[in-house]
Amino acid sequence: MLPQAIFDSDRMNSSISDPFIHPALIPARATLPLDQRSLGLHTLGTQASAAIEHLPTQSITAKLLNSTEALSRELWLTNTATRAGKCNGIHFRRSDILLFGVLNLDEHTLDIAANTSSLRAATEHAYREIFALLAAEGFRYLWRTWNYLPNIHGEECALERYRQFNVGRHDAFTHCARAIEESPAASALGTAQGNLSIAFIAGNIKPTRIENPRQLSAFTYPAQYGPRSPTFTRAVTVADATHEALFISGTASIVGHESKHPGDIAAQTRETLANMSALLEQANANSSAPPLTFAELSYRIYIRHAEDAARVRTQLDAVIGAAAHATYVQADICREDLLIEIEAFAVRALAKVTT
Ligand code: 3EB
Numbered sequence: 000m001l002p003q004a005i006f007d008s009d010r011m012n013s014s015i016s017d018p019f020i021h022p023a024l025i026p027a028r029a030t031l032p033l034d035q036r037s038l039g040l041h042t043l044g045t046q047a048s049a050a051i052e053h054l055p056t057q058s059i060t061a062k063l064l065n066s067t068e069a070l071s072r073e074l075w076l077t078n079t080a081t082r083a084g085k086c087n088g089i090h091f092r093r094s095d096i097l098l099f100g101v102l103n104l105d106e107h108t109l110d111i112a113a114n115t116s117s118l119r120a121a122t123e124h125a126y127r128e129i130f131a132l133l134a135a136e137g138f139r140y141l142w143r144t145w146n147y148l149p150n151i152h153g154e155e156c157a158l159e160r161y162r163q164f165n166v167g168r169h170d171a172f173t174h175c176a177r178a179i180e181e182s183p184a185a186s187a188l189g190t191a192q193g194n195l196s197i198a199f200i201a202g203n204i205k206p207t208r209i210e211n212p213r214q215l216s217a218f219t220y221p222a223q224y225g226p227r228s229p230t231f232t233r234a235v236t237v238a239d240a241t242h243e244a245l246f247i248s249g250t251a252s253i254v255g256h257e258s259k260h261p262g263d264i265a266a267q268t269r270e271t272l273a274n275m276s277a278l279l280e281q282a283n284a285n286s287s288a289p290p291l292t293f294a295e296l297s298y299r300i301y302i303r304h305a306e307d308a309a310r311v312r313t314q315l316d317a318v319i320g321a322a323a324h325a326t327y328v329q330a331d332i333c334r335e336d337l338l339i340e341i342e343a344f345a346v347r348a349l350a351k352v353t354t
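Numbering (numbering that gives the first Met the number 0), first residue to last: 0 to 354.
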């Protein structure tokens, strides 16, 4: 089969009741159900996956902790036709209203000034390219990003690499005249190997941003966490006429601006869930739709120490239900004292407007 053929519109079986954005978890051995409504793919695992032409894919090498499968695959779908594009190293697919893009950058191939962190330079470059692409494609709003960086706790130019990443990201926002308060939902994790990898979803619908009353906004963290604050918001909702999507950022055991419960995975998991509960409460208060519960969300759960996974799983099953779609993966959380970070997604139908 020609790779192009998989996007043939013959296979498109569009239904107006499908949401404008939704993920599908595809087992490693199954054929990817690709058609023109496909937007892009995340793969997580230790097994390499062959690149698929015209399908932007974020491939993260990481150990899966809840599965006997070697690979977890999450396919983003929309409800209208999309087309593929490539611009300055960014692979994307877009519809009329949204775009999924992936950018992988080898920080060591960039031409970098002396005494500059290669990760900082690569990150600033990457975000400038993302904002340039959005301008070129006519999408104003960055909704959600997934950032993976190798050696997140390593030092570069006397600053931890996660903090260098924050400097580069912040500088790109400033350079592109993006207000820090308009930051997307995000996750930022350390990987054992691979390049700087950023996936993102953007669109022409303005997202509603949600901050957490239990936490300081990340973009106002004090300078003890680095010279530039992280540019992300705790959660966003995006709604079209029929559906509302909720993207909850990577959430950790932070209250105010401080990490809580060092060394205690059970307590960090409880604190993380309390933070997510506060976000869900606000998302529900802002919405006309029936309230979402933890059981209706899908999750990616990042755990620093693989041996903590079974305990976390028992704890989470009791709250989100054993049936919830959750991918457990080993990753380094961006502060050394944090042991767990959880992100989540849900989409719900809005009440029908009767005319
Ligand atoms: C925190 O709340 C934990 O730098 O984009 C979570 C999600 C975290 C996103 C980011 C960082 C980021 O500060 C770390």
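Note that the Cβ used here is the ideal one computed from N, Cα and C, for glycine as well.
Next on the checklist: Short of 8 Å in beta carbon distance, which residues of its chain neighbour Ile209, apart from the five on each side in sequence? Order them along the chain.
Outcome noted: As a working mapping, residue 209 is identified with position 210 in the sequence shown. Sequence-distant Cβ neighbours of Ile209 in its own chain, meaning closer than 8 Å and more than five residues away, are Thr232, Arg233, Ala234, Val235, Thr236, Leu278, Gln281, Ala282, Asn285.
Checklist entry - Any heavy atom of ligand 1 within a distance shorter than 6 Å of the CB on Phe344? => result Against the sequence shown, residue 344 aligns to sequence position 345. The answer is no for Phe344.
Next on the checklist: Using only CA atoms, which one of Gly225, Gly262, Leu291 lies nearest to Glu243?
Outcome noted: Along the sequence shown, one-based indexing puts residue 243 at 244. Each of Gly225, Gly262, Leu291 was checked against the Cα of Glu243, and the nearest Cα belongs to Leu291.
Checklist entry - Is DSSP giving Met0 helix, strand or coil here? => result Residue mapping note: residue 0 aligns to position 1 of the sequence shown, counting from 1. Confidence is the limiting factor: at Met0 the pLDDT is only 39, short of 50, which leaves the residue's position unreliable, though a coordinate-based value still follows. Residue state, collapsed to three classes: coil.
Checklist entry - Can you pull the DSSP bridge partners for Asp331? => result In the sequence shown, counting from the first residue as 1, residue 331 sits at position 332. Under DSSP, the beta-bridge partners assigned to Asp331 are Gly189.
Item to check | the stretch 243–259 in contact with the stretch 209–227 per 3-pair CB rule at 8 Å | outcome: With contact defined as three or more Cβ pairs closer than 8 Å, the stretch 243–259 and the stretch 209–227 are in contact.
Item to check | Coarse secondary structure for Gln267, derived from DSSP in three states | outcome: By one-based count along the sequence shown, residue 267 stands at place 268. It is helical.
Checklist entry - Of the residues Tyr298, Pro289, Ser287, which one's Cα is nearest the Cα of Thr271? => result Along the sequence shown, one-based indexing puts residue 271 at 272. Comparing Cα-Cα distances from Thr271 to each of Tyr298, Pro289, Ser287, the minimum goes to Tyr298.
Checklist entry - So Phe130 is in the alpha helix (DSSP H); what residue range does that whole segment cover? => result Position 131 of the sequence shown, counted from the start, is the residue given in the question as residue 130. Residues 117–136.
Item to check | Pairwise C-alpha distance: Lys351 and Trp145 | outcome: Here residue 145 refers to the residue found at position 146 when the sequence shown is read from its first residue. Here residue 351 refers to the residue found at position 352 when the sequence shown is read from its first residue. Trp145 and Lys351 have their C-alpha atoms roughly 32 Å apart.
Item to check | beta strand (DSSP E) runs contained entirely in the stretch 276–353, provided each spans 3 or more residues | outcome: Those beta strand (DSSP E) runs which fall completely within the stretch 276–353 and span 3+ residues are 297–302, 325–329, 339–348.
Checklist entry - So is Thr122 buried or exposed if we call it buried at 16+ other beta carbons inside 10 Å? => result Along the sequence shown, one-based indexing puts residue 122 at 123. Thr122 is buried by the Cβ-count criterion.
Item to check | Coarse secondary structure for Glu159, derived from DSSP in three states | outcome: Working through the sequence shown from its first residue, we reach residue 159 at position 160. In the structure shown, Glu159 sits in a strand (DSSP, three-state: E or B).
Item to check | Run of the beta strand (DSSP E) containing Gln35, from where it starts to where it stops | outcome: Taking the sequence shown and counting its residues from 1, the one referred to as residue 35 is at position 36. That residue, Gln35, is in no beta strand (DSSP E); it is neither H nor E in DSSP.
Checklist entry - Say the cut is 6 Å; is the CB of Ser248 nearer than that to a heavy atom of ligand 1? => result The sequence position of residue 248 within the sequence shown is 249, counting from 1. Yes.
Next on the checklist: Taking contact to mean 3 or more Cβ pairs, one atom from each stretch, closer than 8 Å, check whether the stretch 326–344 and the stretch 184–196 are in contact.
Outcome noted: In this structure the stretch 326–344 touches the stretch 184–196; the number of beta carbon pairs closer than 8 Å is three or more.
Next on the checklist: Contact defined as beta carbons within less than 8 Å: I believe Ala201 pairs with Leu97. What is the distance between those atoms, to the nearest angstrom?
Outcome noted: Counted from its first residue, the sequence shown places residue 201 at position 202. Counted from its first residue, the sequence shown places residue 97 at position 98. So it is a contact: roughly 7 Å between Cβ atoms.
Checklist entry - Taking 6 Å as the cut-off, is the CB of Phe355 close to at least one heavy atom of ligand 1? => result For residue 355 there is no data in the structure shown, the boundaries of the chain being 0 and 354.
Checklist entry - Taking the Cβ atom as the reference point for each residue, do His256 and Tyr220 lie within a distance shorter than 7 Å? => result Here residue 256 corresponds to residue number 257 of the sequence shown, with the count starting at 1. Here residue 220 corresponds to residue number 221 of the sequence shown, with the count starting at 1. Yes; because the gap between Cβ atoms is below 7 Å, this pair is in contact.
Checklist entry - Are there 16 or more other CB atoms within 10 angstroms of the CB of Ala348, so buried, or fewer, so exposed? => result Mapped onto the sequence shown, residue 348 falls at position 349. Taking every protein chain shown into account, the CB of Ala348 has fewer than 16 other CB atoms within 10 angstroms, so this residue is exposed.
Checklist entry - Is DSSP giving Glu73 helix, strand or coil here? => result Residue mapping note: residue 73 aligns to position 74 of the sequence shown, counting from 1. Under the three-state reduction of DSSP, Glu73 is assigned to strand.
Item to check | Through-space distance from Thr241 to Pro18, alpha-carbon basis | outcome: Taking the sequence shown and counting its residues from 1, one reaches residue 18 at position 19. Taking the sequence shown and counting its residues from 1, one reaches residue 241 at position 242. Answer to the nearest angstrom: the Cα atoms are 7 Å apart.
Checklist entry - Hey, Ala80 and Arg92: beta-carbon distance below 7 Å or not? => result Translated into positions along the sequence shown, residue 80 becomes position 81. Translated into positions along the sequence shown, residue 92 becomes position 93. No; because the gap between Cβ atoms is not below 7 Å, this pair is not in contact.
Checklist entry - Can you tell me whether DSSP reads Arg168 as helix, strand or coil? => result Against the sequence shown, residue 168 aligns to sequence position 169. DSSP places Arg168 in helix when its eight states are reduced to three.
Item to check | contact_flag[the stretch 30–44, the stretch 59–77] where n(CB pairs < 8 Å) is 3 or more | outcome: In this structure the stretch 30–44 touches the stretch 59–77; the number of beta carbon pairs closer than 8 Å is three or more.
Checklist entry - Less than 7 Å separating the beta-carbons of Leu104 and Ala135? => result Taking the sequence shown and counting its residues from 1, one reaches residue 104 at position 105. Taking the sequence shown and counting its residues from 1, one reaches residue 135 at position 136. No. Outside cutoff.
Item to check | Pro32 burial status per 10 Å Cβ neighbour count (16 or more: buried) | outcome: To locate residue 32, count along the sequence shown from 1; it is residue 33. Exposed: under 16 other Cβ atoms inside 10 Å.
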